[in-house]
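> Numbering (the numbering used here), first residue to last: 6 to 606.
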Amino acid sequence: MLKQRLSNTEYNQLPHEPGIYKFLNAAGTIIYVGKAKDLIKRVSSYFTKAAQHNRKTVKLVSEIHQIEFIIVNSEFDALLLENNLIKQNQPKYNILLKDDKSFPSICITKERFPRIYSTRRIDKSQGEFFGPYTSVKAMNGVLDLIRKLYKIRTCNFNLSRQNVESKKFKICLECHIGNCLGPCEGLQDEQDYQNEISHAREILVGKISKVLQQYKSLMSDASSQLNFELAQNYKEKIDLLAKFQTKSLIVNPKLEAADVIAIISDDEHFYLNYMQVVEGAIKVSETLDFKKTVEAPSHELLQPILFTLRNKYQSNSSEVLSNKKIDMWDELELTIPKIGDKKKLIDLALKNALFFKNERLRKKEEARNKPKRVLEQLKTDLSLKELPVHIECFDNSNIQGTHPVASMVCFKNAKPSKRDYRKFNIKTVVGPDDFSSMKEIVGRRYGRLKSEKLPFPNLVVIDGGKGQLHAATDALKELDLYGQIPIIGIAKRLEEIYYPEDSFPLHISKKSTSLKILQHLRDEAHRFAINFHRDVRSKAFTVSELDNIPGIGAETRKALIKQFKSTKRISELPKQDLEKVIGKSKASRIVDYFKQKKEGQ
């Protein structure tokens with residue numbers, strides 16, 4: 006392999022060779038990885054065919070700062086390398102398959118007497134792995150079948166020849182009940198055990214027909230020798246295999262092995278169904294979707310996806326069935342069937358992909374329409390004339406009347422519109438008077454909207470009971486807006502809804518979406534007011550007497566407090582100590598200020 010790096014203007018220096026290319030941005034981050042039969046033709050198309058690109062490709066090209074490329078021996082090697090690099094670097098413009106869960110597999114260990122068990126950790130140095138299985142239930146069914154058919158040990162003893170001959174281990178309960186033949190004590194021959202493992206391996210790779218044929222032959226031999234008990238044992242195993250085989254969908258027994266991949270698309274996504282067929286039975290079916298990123302033909306997109314799925318499910322079939330053209334590598338044969346059972350497989354895959362697409366679109370539409378349904382329910386519950394698309398909620402905050410502030414939060418289409426939030430410093434109220442504070446901020450808010458001829462909300466919510474609501478309605482009356490803007494109050498304790506001039510509150514169901522959005526409004530207004538009050542209070546607490554000294558700025562005050570800890574100590578320091586920190590001029594200002602203050606007392 007040959008690896009080189011070029012600037013984005015040197016793409017015409019790429020070779021006419023197969024390989025992979027990486028686009029890097031100005032920060033040196035890989036933003037796209039691709040493969041090519043001919044590197045210069047593929048990469049140059051990004052820069053010479055700009056008029057044919059969509060917006061995403063244009064944006065990709067605008068971010069390219071450098072190009073790295075690696076020459077490989079074949080297109081298949083390029084595909085393998087591209088797959089690994091995408092997994093390692095997760096470039097933002099590449100197609101990233103959404104399924105990244107760790108599925109369980111079945112392992113046959115590399116031991117003298119191998120074990121068979123399930124695991125989610127793939128370490129090929131430990132043994133041979135089969136899977137992964139997308140269904141744990143299906144995997145357990147396979148393991149259960151193998152354990153009923155064969156006497157495979159479940160212990161984890163090291164059954165080396167030396168340990169067995171020295172009688173280091175004793176047989177366990179599994180041997181006593183007939184599930185194991187005791188290889189730990191040398192009671193089972195190693196070759197017989199390996200034959201059992203060999204048969205189990207045939208089942209794990211899907212060659213059930215071969216195992217069935219072997220058992221049928223053994224049953225026939227046992228019957229001809231009048232060994233009916235052994236023949237019955239083989240028959241039971243044949244029945245188990247036949248029962249297990251019927252759990253899969255039989256397509257065509259003559260179709261030994263194939264991968265099926267069907268794809269459909271809309272403006273934003275591709276939807277793909279992959280099926281793995283072994284001995285005419287569908288063993289794997291997975292549907293996934295991915296966003297369209299850079300513009301590329303479907304046959305280029307499908308190749309890396311097919312490679313990833315075949316690698317994931319360890320497919321070794323030589324035939325691929327698809328509804329679209331795919332750039333294949335030498336080992337595979339592509340078929341786009343028009344009739345027959347193979348076409349039925351494609352139709353089934355398309356049906357799965359279409360169902361998956363419709364479900365995604367339905368959920369997306371539900372999410373889009375959910376705010377409207379919530380607002381319609383709120384309109385009904387509150388008997389409003391208009392849909393409350395624009396809602397404003399008020400709350401105020403103070404501690405024993407100090408630093409009184411208030412907040413207004415705004416919801417549009419049932420979601421917070423934070424750019425429309427407002428903060429209020431209370432200007433006309435002295436002391437802890439929540440009612441007068443509420444009247445002031447409501448009057449200020451809608452007086453301004455009225456004077457600037459801005460639209461009013463469809464609903465005003467007051468955080469509080471009848472007292473706060475009455476104060477807010479007084480403000481609207483003074484502005485001649487009462488009756489033009491729907492207004493309610495929500496009390497915290499029992500979640501009661503109050504209307505102006507109505508003595509009895511409205512109780513909305515605790516499960517109603519209407520109450521939930523009102524609670525969200527109230528809680529958001531409270532949070533916003535508390536945070537604003539905390540900021541105002543903190544700012545007030547940090548004001549010191551140093552602020553009153555002309556020529557002493559924030560950085561000087563910060564340096565003095567950091568060095569001397571308190572204003573009182575600073576006022577008592579000699580001028581020389583202050584000069585070491587802030588210089589002669591500022592030290593003189595501070596000493597003169599505190600001297601004049603002391604003389605004035």
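Just so it is clear, CB atoms sit at the ideal spot from N, CA and C, and this is done for glycine as well.
Please classify K252 as buried or exposed, where buried requires at least 16 other C-beta atoms within 10 Å of its C-beta.
Note on K252: pLDDT 47, under 50, position unreliable in the model; no value is reported.
> What beta strand (DSSP E) runs, 3 residues minimum, are completely inside the region 376 to 411?
395 to 404
> Give the range of the alpha helix (DSSP H) segment to which K221 is assigned.
213 to 229
> Ignore the nearest five residues each way along the sequence and tell me which others in G469's own chain have a CB closer than 6 angstroms to its CB.
G494
> Just the Cα atoms here: how many angstroms apart are I111 and P393?
57 angstroms
> Go through the region 433 to 517 residue by residue and report every complete run of the alpha helix (DSSP H) that reaches 4 residues or more, in order.
Within the region 433 to 517, the complete alpha helix (DSSP H) runs of at least 4 residues are 439 to 456, 471 to 483.
> What is the DSSP secondary structure of N30, counted as helix, strand or coil?
coil
> So which of D552, T159, K297, L235 has the shortest CA-CA distance to I113?
The alpha carbon of I113 has as its nearest neighbour, out of D552, T159, K297, L235, the alpha carbon of T159.
> Contact between the region 72 to 84 and the region 37 to 48 is defined here as three or more beta-carbon pairs at a separation below 8 angstroms; is this criterion met?
yes
> Report all residues from its chain with a CB closer than 8 angstroms to the CB of H274; omit the five preceding and five following residues, and keep chain order.
Closer than 8 angstroms at Cβ, skipping near neighbours: D294, F295, K296, K297, K362, R365.
> Output the distance between the C-alpha atoms of T292 and E179, rounded to the nearest integer angstrom.
41 angstroms
> Is G345 helix, strand or coil by DSSP?
helix
> Under the three-state reduction of DSSP, which class applies to L293: helix, strand or coil?
strand
> Does M333 come out as helix, strand or coil in the three-state DSSP assignment?
Residue state, collapsed to three classes: coil.
> Provide the residue span of the beta strand (DSSP E) that contains S270, from first to last.
262 to 270
> Could you name the residues that DSSP lists as bridge partners for M144?
DSSP, once it has assigned bridges, lists no residue as partnering M144.
> Let me make sure I understand the geometry here. Which of E68, R117, L486 has the alpha-carbon closest to that of Q167?
R117
> Have a look at the DSSP bridge pairing and note the partners of P3.
Given a span of 6 to 606 for the chain in the structure shown, any question on residue 3 remains unanswerable.
> Keeping to the same chain, check which residues put their C-beta closer than 6 angstroms to that of I176; ignore five residues upstream and five downstream.
G187, E190
> Which of the three DSSP states is assigned to C112 in this structure?
strand
> Taking DSSP as the reference, what is the three-state secondary structure of N536?
helix
> Verify whether the separation of the beta carbon atoms of A564 and I587 is less than 9 angstroms.
yes
> Is I595 helix, strand or coil by DSSP?
It is helical.
> Which of the three DSSP states, helix, strand or coil, is assigned to S519?
Three-state result, S519: helix.
> Roughly how many angstroms separate the alpha carbons of R427 and P421, rounded to a whole number?
13 angstroms
> Could you check the C-alpha separation between V447 and Y487 for me, to the nearest Å?
12 angstroms
> Can you check which of these residues, Q95, F134, L150, K343, is closest to P109 by C-alpha distance?
F134
> Label E604 either buried or exposed according to how many other C-beta atoms from any shown protein chain fall within 10 Å of its C-beta, with 16 as the threshold for buried.
exposed
> For E336 and Q230, what's the separation of their Cα atoms in angstroms?
47 angstroms
> Reducing DSSP to helix, strand and coil, say where E22 ends up.
coil
> Rounded to the nearest angstrom, what separates F429 and R453 at their Cα positions?
13 angstroms
> Inspect the beta-carbon positions of A354 and V265 and report whether they are closer than 9 angstroms.
At the C-beta level, A354 and V265 come within 9 angstroms of one another.
> On the premise that A476 lies in contact with S441, defined as a C-beta separation below 8 angstroms, what is that separation, rounded to the nearest angstrom?
7 angstroms
> Give the secondary structure of F569 by DSSP, where H, G and I count as helix, E and B as strand, and everything else as coil.
helix
> If you follow the alpha helix (DSSP H) that L583 is part of, which residue opens it and which one closes it?
580 to 587
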